[in-house]
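Novice: Take this structure first; my questions come after.
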Amino acid sequence: MTRVETGAPPAAAPASAAALLRERARWSLFDLLFWAAALAAFFVFPLRLPLLTEIAILGLFALSIDLLLGYAGIVSLGHAAFFGAGAYAAGILAQHGWGEPISGLAAAGLVAAALGFATSFLVLRGSDLTRLMVTLGVAMMVLEAANKAAWLTGGADGLNGVVMDPVFGVFEFDLFGHTAYWYALAVLFLCFLAIRRIVNAPFGLVLRGIQGNALRMSAVGAPVNRHLVAVYTLAAGFAGIAGGLLAQTTQFVSLDVLNFQRSAEGLLVLIIGGSGVLYGGLVGAVAFKLMQEWLSNITTQYWQFWLGAALVLLVLFARGGLLGLARRFLRRRPARSERGGAA
Amino acid sequence: MAKWTLRAALAGVAALLAGAAMAADTVKVALILPMTGPFASTGRQIDAAARLYLDQHKGDLQGCTVELTTKDDTGTADVTKRIAQEAVVREGANILAGFGLTPLALAAAPIATQGKVPMVVMAAATSIITEKSPNIVRTSFTTPQAAYAMGEWAAKNGIGKVVTLVSDYAPGNDAETYFAKAFEAGGGQVAEKLRVPLQNPDFAPFLQRAKDAAPDAIFVFVPSGVGSIVMKQVADRGLTAAGVKLIGTGDVTDDDILNNMGDVALGTITAFFYSAAHDSPENKGFVEAFKKANGNMRPNFFAVSGYDGMHAIFEGLRKTDCDPSAEKFVDAVKGMSWTSPRGKIAIDPETRDIVQTIYIREVKRGEDGELYNIEFDQIPDMKDPAKAGK
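Line by line, the protein sequences give chains C and E.
Under UniProt numbering, the first residue of the first sequence is numbered 1, with each subsequent residue one higher.
Under UniProt numbering, the first residue of the second sequence is numbered 1, with each subsequent residue one higher.
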């Protein structure tokens, strides 16, 4: 394979892996638009910040699942275990007087990553079905452990008395949720950059290879298991940060951070948006929450029915989620708009 | 169209400015409930009862009208908190109400404090809730109230040895503790304390252990929906046949599902604050109107708590001349007493928690052939025993 130092022209196929990665890592119009919209949302919807914060957190959670599912092909039904571990880590720290948010968030990520590392060896074994069961089982065990350890977690009552210090010692968490939104958005952006870097590194390429055919990857000489352990740990860490964000911005943690429903929702959001494209989780989170909010305002009791119907339609007619749909739409008439902004 | 939007925007700004300046003409109540998910029945009952009250008393207040908006928190604590926060900052809600479960109420409590709005708890029953914000008032019950009453009654009425069986979470542990306290103080003996996991419970092995201890009665506390499963298994395991009485708090024989439990429920003795069969003109009127408005659904203890919560809101506003600010409103509600469908009740001026009669009831067939909790004894004016230092 020849090494090509200069980037290939945009339209032509990249000539080497390095060029391919560079091509992928390039910022497009879509990137700019997306983050500009996220910033603008603060000014356009100043009274909806708690919802926007929730979207950012859900988006980060879905993004961490994307790292697993979209890139490494690991299907998990128990990712909430890490989300919850992070939430409890951040919450318990703050409850015991360590209210500094950023170090608390780092601790949340580390605790979740440690749990992810410890359980990753179980997940390595077996096929998809086994993984589903193992991840589900681990999440149930963590949930029950948190329920039993009421002296630490508050059990079914939830964790009370979480008091946060101001961010950077300046920005207090206010009732309007100003600080919470900026904080969550900044953390989401940084995590996004990190994950983008990870998947656009050779490491990410190996993951894709494993997703395609693990056996062949090991034949090529790639250490499949080591990569899987690493990505599982990373994904757990990012989920933990999302959980920590939730604990810090709501200043409350209850057992439902560990629920099966939380795992399922993350997966759902990712599938709505489209997996394996980074923005899938974020777009999915926006779409899911807005749809939920809109429907449950119209019909408080039966919104789940309509949400379900929308999901079925989406999965049937929009393979690859909303982003897949958008990409197909743009590709259908590429002549006029030279290069569409699909991510 | 553009003109219309502009006008709407101007009106919005004007309303914002005016709202701050003068006393509100419309008092906005955000009713935050689990309307979907496993606890949807709680939300459905409270929502229906609150709307019934609103319908019946629409023009009662001079100087303001009450506007009720129901919001679904799906029974998830962080959502409850977010919805409460949005209700206060975005929609300008003056009063928060509802709260189906303990963690949900606890999550929203800081909003009541920071946002300086009253918070009327219509369901969540763990004792500590009212201590989490000075703006919280409760119109439902506390689990210790019911459990303590049951213990007292059991000790006095020829039950000497009991096995307790509770769901393993905070309210269950509360029930176990306060039942045992009252029962042992009255000379009874708790032979065994069994705790069943809250998720996916299998009662069979626990019931077998209970049976082996050969008690006079088995005291049960489970969340309301699970009651029918316990009931069936108690009969299946032959405890009833062995002469072991089934006693508990009224969650087990929830009016909403009691009639569907069938004959296995007959003879169950429970202590609780409300039965749809309570014999009073107020209750007859309430049950009739509730059934009529809701396709013959029977009101349960959550419904009456929601109904009384609305009453507290209306009477509080009447006393403050429609001023819903937390200080004035909560002050007005403190010490208030009235005759509810459940009987005489009051709001304790010190704890802002409810003071009420706890009835001892037995499941029997009513005149209409349906199963009811028929009251036959009572412990009047019961405060929350956890806060009364019992």
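Virtual Cβ for every residue (Gly too), placed ideally from N, Cα, C.
1) Would residue 272 of chain E pass as a contact of residue 138 of chain E if the rule is Cβ separation under 8 Å?
2) Can you pull the chain C neighbours of residue 89 of chain E, defined as C-beta to C-beta under 7 Å?
3) With distances taken from CA atoms, which of C/279, C/274 and C/298 is nearest residue 317 of chain C?
4) If you reduce the DSSP assignment to three classes, tell me which class residue 271 of chain E lands in.
5) Could you name the residues of the same chain whose beta carbon sits closer than 8 Å to that of residue 278 of chain E, not counting the 5 residues immediately before and after it, in chain order?
6) Taking buried to mean at least 16 other C-beta atoms within 10 Å of its own C-beta, is residue 129 of chain C buried or exposed?
7) Would residue 155 of chain C count as contacting chain E if we go by Cβ distances under 8 Å?
8) Closest Cβ-Cβ distance between residue 364 of chain E and chain C: below 8 Å?
9) Grouping DSSP H, G and I as helix and E and B as strand, with all else coil, what is residue 210 of chain C?
10) Cα separation between residue 185 of chain C and residue 179 of chain C?
11) Compare the Cα-Cα distances from residue 136 of chain E to each of E/148, E/96, E/172 and E/146 and report the closest residue.
12) Just verifying my parser: in three-state terms, what is the DSSP assignment at residue 140 of chain E?
13) State yes or no: is the C-beta of residue 159 of chain C nearer than 7 Å to some heavy atom of the ligand ATP?
14) Thinking C-beta only, is residue 22 of chain C closer than 8 Å to residue 75 of chain C?
15) Residues of chain E with a CB under 9 Å from the CB of residue 54 of chain C: which are they?
16) Would you check if there are 3 or more beta carbon pairs closer than 8 Å linking the segment 43 to 52 of chain E to the segment 106 to 115 of chain E?
17) Return the first residue and the last residue of the alpha helix (DSSP H) that residue 111 of chain E is part of.
18) Just mark residue 330 of chain E as buried or exposed, buried being the case when its beta carbon has 16 or more other beta carbons within 10 Å.
19) Given this structure, state the Cα-to-Cα distance separating residue 31 of chain E from residue 26 of chain C, to the nearest angstrom.
20) Identify, in the order they occur along the chain, each residue of the same chain with its Cβ nearer than 6 Å to the Cβ of residue 258 of chain E, setting aside the five sequence neighbours on each side.
21) For the segment 312 to 339 of chain E, list every residue whose C-beta sits within 8 Å of some C-beta in chain C, in sequence order.
22) At the level of alpha carbons, what is the spacing between residue 254 of chain C and residue 87 of chain C?
23) Between which two residues does the beta strand (DSSP E) carrying residue 373 of chain E extend?
24) Out of E/94, E/80 and E/40, which has the shortest C-alpha to C-alpha gap to residue 328 of chain E?
25) Below 8 Å on the Cβ atoms is my contact criterion, and I expect residue 42 of chain E with residue 123 of chain E to pass it. Report the Cβ-Cβ distance as a whole number of Å.
26) Would you mind stating whether residue 245 of chain E and residue 263 of chain E have Cβ atoms separated by less than 8 Å?
27) Counting only Cβ pairs nearer than 8 Å, list the residues of chain C close to residue 72 of chain E.
28) Can the beta-carbon of residue 243 of chain C be found closer than 8 Å to that of residue 77 of chain E?
29) Applying the criterion that 16 or more other CB atoms from any shown protein chain within 10 Å of the CB defines a buried residue, is residue 298 of chain C buried or exposed?
30) Going along the segment 91 to 118 of chain E in order, which residues come within less than 7 Å of chain C, judged by CB to CB distance?
31) Using the three-state DSSP reduction, which class does residue 132 of chain E fall into: helix, strand or coil?
32) Given a limit of 7 Å on CB to CB distance, which residues of the segment 243 to 261 of chain C reach chain E?
33) Closer than 7 Å by beta-carbon distance: list the chain C residues that pair up with residue 208 of chain E, in chain order.
34) Any C-beta of chain A sitting closer than 8 Å to the C-beta of residue 35 of chain E?
35) Can you pull the chain E residues whose beta carbon is under 7 Å from the beta carbon of residue 50 of chain C, in chain order?
36) Given this structure, state the Cα-to-Cα distance separating residue 381 of chain E from residue 387 of chain E, to the nearest angstrom.
Specialist: With the given structure in hand:
1) Against a cut-off of 8 Å, the Cβ pair of residue 138 of chain E and residue 272 of chain E comes out as no contact.
2) Neighbours of residue 89 of chain E in chain C, taken as residues at a C-beta separation under 7 Å, are given in chain order as 47, 175 and 176.
3) Minimum Cα distance to residue 317 of chain C is reached at C/274.
4) Strand at residue 271 of chain E.
5) Counting only Cβ-Cβ distances below 8 Å, and skipping sequence neighbours, we find 341, 342, 343, 359 and 375.
6) With fewer than 16 Cβ atoms within 10 Å of its Cβ, residue 129 of chain C is classed as exposed.
7) Judged by the 8 Å Cβ criterion, residue 155 of chain C is in contact with chain E.
8) Output row for residue 364 of chain E: interface = no.
9) It is helical.
10) Straight across, the Cα-Cα distance linking residue 185 of chain C with residue 179 of chain C is about 10 Å.
11) Ranking E/148, E/96, E/172 and E/146 by Cα distance to residue 136 of chain E puts E/96 first.
12) Three-state DSSP puts residue 140 of chain E in coil, outside helix and strand.
13) Because no ligand of any kind appears in the structure shown, any question about the ligand ATP cannot be addressed here.
14) No, these two residues do not count as a Cβ contact at 8 Å.
15) Within 9 Å Cβ-Cβ: 78, 79 and 82.
16) Not touching, per the Cβ criterion.
17) 102 to 114 is the extent of the alpha helix (DSSP H) around residue 111 of chain E.
18) In the assembly as shown, residue 330 of chain E is a buried residue. Its beta-carbon has 16 or more other beta-carbons within 10 Å.
19) Whole-angstrom Cα-Cα distance: 48 Å.
20) Result list for residue 258 of chain E: 371, in chain order.
21) Flagged: no residues at all.
22) Their backbone Cα atoms lie some 9 Å apart in a straight line.
23) The continuous beta strand (DSSP E) containing residue 373 of chain E extends over residues 371 to 382.
24) Of the listed residues, the one whose Cα sits closest to residue 328 of chain E is E/94.
25) Going by Cβ atoms, the distance from residue 42 of chain E to residue 123 of chain E rounds to 6 Å, so yes, they are a contact pair.
26) The answer is no: Cβ separation not under 8 Å.
27) Going along chain C in sequence order, the residues near residue 72 of chain E (Cβ under 8 Å) are 296, 300, 301 and 303.
28) In this structure, residue 243 of chain C sits away from residue 77 of chain E, with a CB-CB distance that is not shorter than 8 Å.
29) Here residue 298 of chain C is exposed. Its C-beta has fewer than 16 other C-beta atoms within 10 Å.
30) For the segment 91 to 118 of chain E, the residues whose beta carbon sits under 7 Å from a beta carbon of chain C are, in order, 102, 103, 106, 107, 110, 114 and 115.
31) Correct three-state label for residue 132 of chain E: helix.
32) Result list: 246, 250, 251, 252, 254 and 256.
33) Correct list: empty, because the minimum Cβ distance to chain C is about 22 Å.
34) No chain A appears in this structure, whose protein chains are C and E.
35) Those are 82, 85 and 86, listed as they occur along chain E.
36) C-alpha separation (whole angstroms): 14 Å.
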